[in-house]
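What follows is a single structure, written as structure tokens, with notes after it.
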Amino acid sequence: MAESNAAVAELLRRYATALTLNSADRFKVRAYRRAAETIESLDDDVATLVARKRDLTSIPGVGKAISRTIEEIVRTGRFSLLDQALSKLEPEVLEIAARPALDPKKVLRVYKKLKINSLDQLRQRLDSGEVRELFGARMEYHIRRGLDDRPRMLLYEAEPLALRIEAHVRKIPGVTRVALAGSLRRKKDTVGDINFVVAGKSAASVFKAFSKYGAVKSAERRGKDQMSFRLSSGIGVTLTWSRPEEWGWQLILQTGSAAHLDDLRAHGTRRKIDLSAEGLSKKKIHASEEEQIYRSLRLHFIEPELREGRGEVEAGAARKLPSLVTLEDLKGDLHMHTTASDGANTIREMAEAAKTRGYQYIAITDHSQSLKITNGLSEKRLLQQIKNVDKVNTRLKGIFVLKSAEVDILEDGRLDYSNSVLKELDFTICSIHSRFGLNREQQTERILRAMDNPHFNILGHATGRLLLKREGYELDIDRIIEHAKQAGCHFEINSSPDRLDLSDEHARLAKEQGVKIAVNTDAHSIDELDFISAGINQARRAWLEPKDVLNTVSVAKLRKLFQR
Ligand SMILES: [Zn+2]
Ligand SMILES: [Zn+2]
14 MAESNAAVAE LLRRYATALT LNSADRFKVR AYRRAAETIE SLDDDVATLV
64 ARKRDLTSIP GVGKAISRTI EEIVRTGRFS LLDQALSKLE PEVLEIAARP
114 ALDPKKVLRV YKKLKINSLD QLRQRLDSGE VRELFGARME YHIRRGLDDR
164 PRMLLYEAEP LALRIEAHVR KIPGVTRVAL AGSLRRKKDT VGDINFVVAG
214 KSAASVFKAF SKYGAVKSAE RRGKDQMSFR LSSGIGVTLT WSRPEEWGWQ
264 LILQTGSAAH LDDLRAHGTR RKIDLSAEGL SKKKIHASEE EQIYRSLRLH
314 FIEPELREGR GEVEAGAARK LPSLVTLEDL KGDLHMHTTA SDGANTIREM
364 AEAAKTRGYQ YIAITDHSQS LKITNGLSEK RLLQQIKNVD KVNTRLKGIF
414 VLKSAEVDIL EDGRLDYSNS VLKELDFTIC SIHSRFGLNR EQQTERILRA
464 MDNPHFNILG HATGRLLLKR EGYELDIDRI IEHAKQAGCH FEINSSPDRL
514 DLSDEHARLA KEQGVKIAVN TDAHSIDELD FISAGINQAR RAWLEPKDVL
564 NTVSVAKLRK LFQR
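Be aware that the sequence shown starts at 14, since it is given in our numbering, and climbs by one per residue.
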């Protein structure tokens, strides 16, 4: 009996879920989930490793117990601990356990309240809107996602997975070129399928070799040169085979959104070029590189992040494409938390970590007093922290710490500190963390009123959305941008991978009105300073150039920009 990596991973995942339902220790649950992930991304077949009597504990995340489990699965096709765990469960719970993306505890809570006992009934209650009404949008999102056979994931989670898959494809004999395409290459904040363009010996040989990848659960041919695979985690991977001489054209086709490709074809028609592999070859346009094709169309090269059909083809023809902001343009990070509120590191630790990234400054923006759950700072504690920042600054070299706070916008639009305290800060980030239920009009008025306070500088995570978990509250974004412009306020793109708001579309609107945007991490630990790459992706999708971004300027210039 030789089980595939996908099958082993699925059993490990199922066991993790069963453990949760039997109220097992959550570290144990997490260990099994992590092992499932590792097994999926292994290049080697676990069955082969077991047959060769290799020590599985040398695989990261696989300890003695999990190693014995894997051996059992591979040798017998069974997993006795899983059978035991499942035998203790009621049938309705078993059904939930088969959906590893569902949090069984949450679902059972919903079952109890709605007096239902099957996923079918749950689906009905989702569609009738009852789940949302009783448990909120976040629960609705969770359940919809858990029931979805083709789940989306955050770009930030998909990127490392895509790199592992890419490394694997590269090793397939005969493969000469591999590139990421699709929404992942466009850096869309969430992605469904992961798309690759592959050049190699033949489509059939590449597809056949990839079918043996450990994480592959099923496969479906989509045409002569394309095949889609489903991994055991539910994630889809699509490979498109390209002949080397058509590489650039395939990359354009597989990267752009449908709207971008429509615009491109229309542009081609205007220039009497039929945009297809045959059409390009008829005009003797080399299709092997993207750059050549755009050039032949008399277009500036269009960065993948812009290929959404939002005017980029027109701008490319008029030589008016933006020079997109990059990570290297950033001089600092204006939103982060420390141990004083809900962060994990001290002011000094955050500053030192930021310095190693080449930043010239950071701002410490701990939570304000109303946000009790995060240990928000009272006015007295904030004044003390201001003194601490001064002290830290005298000891630091090469990096400067700005005094700030993430000030709650209260329900009536007041800020959470008195003006006499706010004026001691270099600037403020003002955010909504409560009363998400207000309607569009009320929420908009709340923010406009807050902006009228002369100490309001940057609107933090404008819509409060959590990608794949919770929709943001509704806002009249045009009015808010207009008001920010009049009042001299700014926005942020919050780089937390599940926030990323302002969204790309909203950030572009702000830019067009001349309102500047900070790209901030909202880091709660030194590790989370890494989130900045996600924020930069979103900024680029919003057409932002260095001049549109607040934290590309020096401290002295920042101070001027914060004057109202
Ligand atoms: Zn916040
Ligand atoms: Zn924050």
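The beta carbon of each residue, even a glycine, is placed where N, CA and C say it ideally should be.
Among the options, which residue has its Cα nearest to the Cα of residue i?
| i | options | result |
| --- | --- | --- |
| residue 258 | 243, 237 and 211 | 211 |
| residue 113 | 421, 415, 49 and 545 | 49 |
| residue 208 | 452, 323 and 263 | 263 |
| residue 238 | 218, 353 and 246 | 218 |
| residue 571 | 379, 343 and 492 | 343 |
| residue 179 | 170, 296, 187 and 192 | 192 |
| residue 542 | 466, 561 and 356 | 356 |
| residue 387 | 404, 363, 350 and 366 | 350 |
| residue 593 | 55, 25 and 58 | With the chain covering only 14 through 577, there is no way to say anything about residue 593. |
| residue 467 | 474, 136, 502 and 293 | 502 |
| residue 436 | 392, 158 and 173 | 392 |
| residue 578 | 528, 93 and 152 | Lying outside 14 to 577, the shown extent of the chain, residue 578 is not represented and no answer is given. |
| residue 528 | 536, 554 and 560 | 560 |
| residue 504 | 480, 476 and 487 | 476 |
| residue 186 | 401, 177, 220 and 125 | 220 |
Three-state secondary structure (DSSP) at residue i?
| i | result |
| --- | --- |
| residue 137 | helix |
| residue 416 | strand |
| residue 307 | helix |
| residue 189 | strand |
| residue 52 | helix |
| residue 14 | Residue confidence is low: residue 14 scores 48 on pLDDT, short of 50, so the model does not pin down where it sits. Its coordinate-derived value is still stated next. In the structure shown, residue 14 sits in coil (DSSP, three-state: anything other than H, G, I, E or B). |
| residue 408 | helix |
| residue 552 | helix |
| residue 432 | helix |
| residue 300 | coil |
| residue 566 | coil |
| residue 545 | helix |
| residue 505 | strand |
| residue 444 | strand |
| residue 35 | coil |
| residue 533 | strand |
| residue 520 | helix |
| residue 8 | A question about residue 8 goes unanswered here, because the residues of the chain that appear run from 14 up to 577. |
Are the beta-carbon atoms of residue i and residue j separated by less than 9 angstroms?
| i | j | result |
| --- | --- | --- |
| residue 102 | residue 132 | no |
| residue 202 | residue 456 | no |
| residue 328 | residue 317 | no |
| residue 98 | residue 35 | yes |
| residue 374 | residue 412 | yes |
| residue 319 | residue 337 | yes |
| residue 236 | residue 242 | no |
| residue 450 | residue 507 | no |
| residue 283 | residue 313 | no |
| residue 500 | residue 347 | no |
| residue 478 | residue 521 | no |
| residue 31 | residue 110 | yes |
| residue 182 | residue 214 | no |
| residue 127 | residue 144 | yes |
| residue 95 | residue 138 | no |
For residue i, I'd like the list of residues in its chain whose CB is within less than 7 angstroms of its CB, leaving aside the five on either flank, ordered along the chain.
| i | result |
| --- | --- |
| residue 604 | Since the first residue of the chain shown is 14 and the last is 577, residue 604 is not available in this structure. |
| residue 261 | 300, 301, 302, 303, 305 and 306 |
| residue 226 | 181 |
| residue 539 | 358, 362, 363 and 366 |
Excluding the five sequence neighbours on either side, which residues of its own chain have a C-beta within less than 6 angstroms of the C-beta of residue i, listed in chain order?
| i | result |
| --- | --- |
| residue 23 | 245 |
| residue 446 | 384 and 421 |
| residue 75 | 48 and 69 |
| residue 251 | 206, 208 and 241 |
| residue 233 | 241 |
| residue 576 | none |
Please go through the same chain and pick out, in chain order, the residues whose beta-carbon is closer than 8 angstroms to the beta-carbon of residue i, but skip the five residues on each side of it.
| i | result |
| --- | --- |
| residue 566 | 344 and 574 |
| residue 352 | 358 and 359 |
| residue 14 | With a pLDDT of 48 at residue 14, under the threshold of 50, the modelled position of this residue cannot be trusted; read the value that follows with caution. The residues are 87, 88, 89 and 90. |
| residue 461 | 426, 492, 493 and 496 |
| residue 195 | 204, 206, 207, 208, 251, 267 and 268 |
Of all Cβ atoms in chain D, is any one closer than 9 angstroms to the Cβ of residue i?
| i | result |
| --- | --- |
| residue 336 | Considering every chain present, this structure includes no chain D. It has just one protein chain. |
Under the criterion of a Cβ to heavy atom distance below 8 angstroms, does residue i qualify as lining ligand 3?
| i | result |
| --- | --- |
| residue 50 | This structure simply doesn't include ligand 3; it includes ligand 1 and ligand 2 instead. |
Kindly provide the ranges of any alpha helix (DSSP H) runs that are 4 or more residues long and lie completely inside the segment 204-287, ordered along the chain.
216-224, 260-268 and 271-283
Taking the runs of the beta strand (DSSP E) that are 3 residues or longer, which of them lie wholly in the segment 359-390?
374-377
Length-filtered (4 minimum) alpha helix (DSSP H) runs lying within the segment 54-125:
59-64, 77-89, 93-100 and 104-110
Curious, which full-length alpha helix (DSSP H) runs of at least 4 residues does the segment 453-503 contain?
453-464 and 490-500
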